[in-house]
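**Student:** Going letter by letter, the sequence shown gives residues 1 to 48 in the UniProt record's numbering.
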Amino acid sequence: MTKALFRRLFPLFVTREDAELAYLNQSVSLYDLERREAEIARGKFAGF
Numbered sequence: 001m002t003k004a005l006f007r008r009l010f011p012l013f014v015t016r017e018d019a020e021l022a023y024l025n026q027s028v029s030l031y032d033l034e035r036r037e038a039e040i041a042r043g044k045f046a047g048f
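1) Using the C-alpha atoms, what's the distance from residue 26 back to residue 36?
2) What are the boundary residues of the alpha helix (DSSP H) that includes residue 24?
3) Of the residues 9, 4, 15, which one's Cα is nearest the Cα of residue 48?
4) Going by beta-carbon coordinates alone, are residue 33 and residue 24 separated by less than 8 Å?
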């Protein structure tokens, strides 16, 4: 099965990459985006 099929079957299951992307997409400025990227690099979603 493909990843897309799993996402359709289990929409509540969020991968670490999806969570990181959603977090980055919520940024409101370039500074905010850079800060969020640094937080992710430091392991903000390491436990995901």
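Even glycine gets a Cβ: it sits at the ideal position worked out from N, Cα and C.
**Tutor:** Reading off the structure:
1) 9 Å
2) 16-25
3) 15
4) yes
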